[in-house]
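Have a look at the structure below, then the notes.
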């Protein structure tokens, strides 16, 4: 088991549009592809208040590669992304890290 930490830095004022896209469309598409989220967070205090941080849970790298590839090529995802960006670009930067829990982590 490992976790993917994904951080989306939005353009100023565009975080609400990203949150709507996730809650209204992306999560349903992920569910169809078997992608499991492990938590979503916005920054209350920190360097960027236009940031969405979330975790995905994966059983293996092969699972991640197959399911993520299916998601990013899904026409429903492309429609959702394009529709959410009709008023302009939302995301300035995305970073991703694959993490494995330590032996003493409360998350396994």
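Residue numbers (full-length UniProt numbering): 1 to 108.
C-beta atoms are modelled at their ideal positions from N, C-alpha and C, and glycine is treated no differently.
Open item on the list: By alpha-carbon positions, which one of 107, 93, 105 ends up nearest to residue 12?
Closed with: Minimum Cα distance to residue 12 is reached at 93.
- [ ] In the DSSP assignment, find the alpha helix (DSSP H) that holds residue 35 and state where it starts and stops.
- [x] Membership of residue 35 in any alpha helix (DSSP H) is not indicated, and neither H nor E is assigned to it by DSSP.
Open item on the list: Given a cut-off of 8 Å on the beta-carbon distance, is the pair residue 2 and residue 98 in contact?
Closed with: Judged by beta-carbon spacing, residue 98 lies within the 8 Å limit of residue 2, meaning their Cβ atoms are closer than that value.
TODO: Could you work out which residue in 40, 77, 76, 52 is closest to residue 8 when comparing CA atoms only?
DONE: Here the closest residue by C-alpha is 52.
- [ ] Kindly indicate which residue of 87, 54, 30 has the alpha-carbon position closest to the one of residue 41.
- [x] Nearest C-alpha to residue 41: 54.
Task: Whole-angstrom C-beta distance between residue 84 and residue 6, which should lie under 8 Å - done: With 8 Å as the limit, residue 6 and residue 84 do not qualify as a contact, their Cβ atoms being about 17 Å apart.
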